[in-house]
Amino acid sequence: MISNKGPAVKPVAIIGGGPAGLMAAEVLAEAGQRVIVFDAMPSVGRKFLMAGKSGLNITHAEEHAALLDRFGLARPALAAALDAFTGSDIRAWCDGLGIETFVGSSGRVFPRSMKGSPLLRAWLARLAGRGVEIRTRHRWTGISGERLTFATQAGPVEHDVSAVLLALGGASWPRLGSDAAWVPILERAGVPISPFRPANCGFEVDWSPVFAERFAGMPVKAVTATAGDGASAGEFVVTQWGMEGSLVYAHSAALRDRLAQMGTAALTLDLMPGRSHERLHADLSRQPAKLSLSNRLRKGAGLDPVKIGLLREMAGDLARHDEGQLARAIKALPLRVKQPRPLAEAISSAGGLALDAMDDRYMIKAMPGFFAAGEMLDWEAPTGGYLLTACLATGRAAARGLLAYLETSD
Numbered sequence: 001m002i003s004n005k006g007p008a009v010k011p012v013a014i015i016g017g018g019p020a021g022l023m024a025a026e027v028l029a030e031a032g033q034r035v036i037v038f039d040a041m042p043s044v045g046r047k048f049l050m051a052g053k054s055g056l057n058i059t060h061a062e063e064h065a066a067l068l069d070r071f072g073l074a075r076p077a078l079a080a081a082l083d084a085f086t087g088s089d090i091r092a093w094c095d096g097l098g099i100e101t102f103v104g105s106s107g108r109v110f111p112r113s114m115k116g117s118p119l120l121r122a123w124l125a126r127l128a129g130r131g132v133e134i135r136t137r138h139r140w141t142g143i144s145g146e147r148l149t150f151a152t153q154a155g156p157v158e159h160d161v162s163a164v165l166l167a168l169g170g171a172s173w174p175r176l177g178s179d180a181a182w183v184p185i186l187e188r189a190g191v192p193i194s195p196f197r198p199a200n201c202g203f204e205v206d207w208s209p210v211f212a213e214r215f216a217g218m219p220v221k222a223v224t225a226t227a228g229d230g231a232s233a234g235e236f237v238v239t240q241w242g243m244e245g246s247l248v249y250a251h252s253a254a255l256r257d258r259l260a261q262m263g264t265a266a267l268t269l270d271l272m273p274g275r276s277h278e279r280l281h282a283d284l285s286r287q288p289a290k291l292s293l294s295n296r297l298r299k300g301a302g303l304d305p306v307k308i309g310l311l312r313e314m315a316g317d318l319a320r321h322d323e324g325q326l327a328r329a330i331k332a333l334p335l336r337v338k339q340p341r342p343l344a345e346a347i348s349s350a351g352g353l354a355l356d357a358m359d360d361r362y363m364i365k366a367m368p369g370f371f372a373a374g375e376m377l378d379w380e381a382p383t384g385g386y387l388l389t390a391c392l393a394t395g396r397a398a399a400r401g402l403l404a405y406l407e408t409s410d
């Protein structure tokens with residue numbers, strides 16, 4: 001669809017100014033290509049900056065093999081890109097921009113400043129120094145012949161380019177630019193698109209009004225959760241509509257998929273992972289009968305008010321439980337969920353451009369000369385630096401694929 005033939009050297013177009021697109025621009029500019037980055041928003045990197053407001057988690061320091069496992073079914077398709085730009089490589093790249101990083105207690109890697117804005121400023125300065133043009137308020141509307149078409153404030157415009165790299169994001173946080181408006185354009189070209197679904201999201205729970213009013217906004221700390229995909233430790237926050245937080249996000253894919261397949265799903269909580277069932281049973285049995293149930297749970301099991309509230313919500317009438325039953329409920333409390341929160345609220349999305357719709361250079365098979373990278377591809381990963389790592393890695397891989405395409409098309 002796009003040809004690089006012609007008397008003049010045409011620029012390479014990158015559509016989307018997030019991490020994947022900017023990384024692709026860097027690789028292409030280093031190779032001597034003239035690069036124009038088009039973005040629909042008034043400025044680039046808006047979701048990147050939003051993610052960095054509470055501490056930019058840029059990658060993870062765990063062993064590379066473990067990092068690869070975080071990508072689940074997409075691992076085989078993404079492995080080569082991730083192998084070529086590991087977490088260590090990302091830290092070295094940050095150093096080259098003058099951004100010092102450190103490893104947190106959880107293994108997550110952060111800039112020393114904890115913010116995304118200094119990194120983005122340094123990155124954009126590097127790109128400008130290498131001749132990369134950035135044109136904002138350019139919304140891609142399709143293809144006319146061999147030209148790209150855009151809607152701008154001044155009206156529709158067209159651009160003649162040698163190749164295109166799409167880095168348009170997924171479908172979460174649409175107000176920051178990831179609105180999936182590109183889907184109909186690719187579908188018209190015969191490109192298979194997997195339906196978008198929320199990932200790393202909160203879940204709605206049928207709390208009683210009393211529980212929601214009393215505990216909304218309170219954290220549930222130091223628990224272990226299981227949802228059919230292994231156990232993980234952490235915390236989450238009770239909300240008026242359900243629950244959210246890192247521990248919920250870690251199991252969101254399993255909960256979402258089980259709801260879709262079975263119509264029911266639960267996050268099973270161990271409210272006291274540091275004590276065995278036997279010890280809890282013994283500790284509860286030692287409490288004086290004259291104490292109220294809440295005090296027995298507080299003194300005997302070490303439960304705080306929100307954990308006691310969860311027990312009352314999910315385990316039925318606790319007064320009818322003996323110490324052994326209470327201990328079992330504390331160690332394996334099923335927290336039933338209704339549905340994930342809307343896609344627009346999710347940290348990231350699953351679904352998108354099918355991975356098998358591209359060749360091993362990240363070129364879209366049905367659209368020669370078009371490459372794709374980042375969150376618009378059909379993969380998902382938990383929070384913890386994995387999302388940004390894959391965006392950067394696939395941006396580099398797609399740019400290298402595009403360079404190979406230009407060399408063979410000359």
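According to the UniProt record's numbering, the stretch in the sequence shown is residues 1 to 410, in order.
By construction, the Cβ of each residue, glycine as well, lies at the ideal position given by its N, Cα and C atoms.
Given the structure is predicted, the values throughout are model-derived calculations rather than measurements.
- [ ] Provide the residue span of the beta strand (DSSP E) that contains S232, from first to last.
- [x] Counting along the chain, the beta strand (DSSP E) containing S232 begins and ends at A231 to V238.
Task: Secondary structure, alpha helix (DSSP H): runs of 4+ residues fully inside the region 147 to 195 - done: Complete alpha helix (DSSP H) runs here, min 4: 183 to 188.
Task: Distance between P209 and G395 (C-alpha atoms, nearest Å) - done: Inter-residue distance for G395 and P209 is about 47 Å (C-alpha atoms, whole angstroms).
Open item on the list: If you reduce the DSSP assignment to three classes, tell me which class Q287 lands in.
Closed with: Three-state result, Q287: coil.
TODO: Please state if the CB of E204 and the CB of R130 are separated by a distance shorter than 9 Å.
DONE: No. Outside cutoff.
- [ ] Give me whichever residues DSSP pairs with G142 in a beta bridge.
- [x] Looking at the DSSP assignment, G142 forms a beta bridge with T149.
Open item on the list: I'd like to confirm the pairing. Which residues does DSSP put opposite Q339 in its beta bridges?
Closed with: Per DSSP, E204.
Task: K221, enclosing beta strand (DSSP E) - first and last residue - done: Counting along the chain, the beta strand (DSSP E) containing K221 begins and ends at P219 to T226.
TODO: Could you tell me the boundaries of the beta strand (DSSP E) in which I36 lies?
DONE: Counting along the chain, the unbroken beta strand (DSSP E) around I36 starts and ends at V35 to F38.
- [ ] Indicate the three-state DSSP secondary structure (helix, strand or coil) for R135 in the structure shown.
- [x] In the three-state reduction of the DSSP assignment, R135 falls in the strand class, which pools E and B.
Open item on the list: Among the candidates V157, A84, A61 and Y249, whose CA atom is the shortest distance from the CA of A350?
Closed with: Selected option, being the one with the closest Cα: Y249.
Task: R108: first and last residue of the uninterrupted alpha helix (DSSP H) it sits in - done: Premise fails: R108 lies in the beta strand (DSSP E), R108 to P111, not in any alpha helix (DSSP H).
Open item on the list: Assuming contact is defined by CB atoms lying nearer than 9 Å, are G55 and V37 in contact in what I supplied?
Closed with: No; because the gap between Cβ atoms is not below 9 Å, this pair is not in contact.
TODO: Assuming K331 contacts L280 (C-beta within less than 8 Å), just tell me the rounded distance between them.
DONE: Going by Cβ atoms, the distance from K331 to L280 rounds to 7 Å, so yes, they are a contact pair.
Task: F85 (DSSP reduced to helix, strand or coil) - done: It is coil, neither helix nor strand.
Task: Simplified DSSP state of P7, which is helix, strand or coil - done: In this prediction, P7 scores a pLDDT of 39, lower than 50, which makes its location untrustworthy; no coordinate-derived value is stated.
- [ ] State the DSSP-derived secondary structure class of R197, mapped to helix, strand or coil.
- [x] Look at R197 here: in three-state DSSP terms it is strand.
TODO: List the residues that DSSP assigns as beta-bridge partners of A372.
DONE: Residue pairing of A372 in beta bridges, as defined by DSSP: L166.
TODO: For E100, name the three-state secondary structure that DSSP assigns.
DONE: Correct three-state label for E100: coil.
TODO: Determine the extent of the beta strand (DSSP E) in which L67 is found, giving its start and end residues.
DONE: Note, L67: premise wrong, no beta strand (DSSP E); alpha helix (DSSP H) at H64 to D69.
TODO: Report the residue from A128, G98, R135 and G107 whose alpha carbon sits nearest the alpha carbon of G116.
DONE: Ranking A128, G98, R135 and G107 by Cα distance to G116 puts G98 first.
Task: Classification of K10 by the beta-carbon crowding that lies within 10 angstroms, buried from 16 upward - done: K10 should be labelled buried.
Open item on the list: Rounded to the nearest angstrom, what separates L259 and M243 at their Cα positions?
Closed with: A straight line joining the alpha-carbon of L259 with that of M243 spans about 16 Å.
TODO: Can you have a look at M262 and say buried or exposed, based on whether 16 or more other CB atoms are within 10 angstroms of its CB?
DONE: By the neighbour-count criterion, in which a residue is buried when 16 or more other Cβ atoms sit within 10 angstroms of its Cβ, M262 is exposed.
Open item on the list: Helix, strand or coil for V12? Go by DSSP, reduced to three states.
Closed with: Correct three-state label for V12: strand.
Task: Supposed contact pair A40 and L392 - C-beta distance, whole angstroms, cut 8 Å - done: Actually they do not touch by this definition, with Cβ atoms about 21 Å apart.
Task: Closest by C-alpha distance to L310, when choosing among D378, R341 and R336 - done: Closest by alpha carbon: R336.
- [ ] Please name the residue, chosen from D356, P368, Y405 and G230, that lies closest to A74 on a Cα-to-Cα basis.
- [x] Nearest C-alpha to A74: D356.
- [ ] Can you have a look at H60 and say buried or exposed, based on whether 16 or more other CB atoms are within 10 angstroms of its CB?
- [x] Per the 10 Å Cβ criterion, buried.
- [ ] Could you tell me the distance, in whole angstroms, from the CA atom of G107 to the CA atom of L176?
- [x] So the alpha carbons of these two residues sit roughly 28 Å apart.
TODO: Give the straight-line distance between the Cα atoms of F236 and V157, rounded to the nearest whole angstrom.
DONE: Computed Cα separation, rounded: 47 Å.
Open item on the list: If the criterion is Cβ atoms closer than 9 Å, does the pair A344 and P118 meet it?
Closed with: No, the Cβ-Cβ distance between A344 and P118 is not below 9 Å.
Open item on the list: What does the Cβ neighbour count give for H64, buried or exposed, with the cut at 16 atoms within 10 Å?
Closed with: Exposed.
- [ ] Tell me whether D83 is buried or exposed, calling it buried when 16 or more other Cβ atoms sit within 10 Å of its Cβ.
- [x] Classification for D83: exposed.
Task: Buried versus exposed, by CB contacts within 10 Å (16 or more), K47 - done: Buried, because 16 or more other Cβ atoms sit within 10 Å of the Cβ of K47.
- [ ] Would you mind sorting A398 into buried or exposed? The rule is 16 or more other CB atoms within 10 Å of its CB.
- [x] Flag for A398 reads buried.
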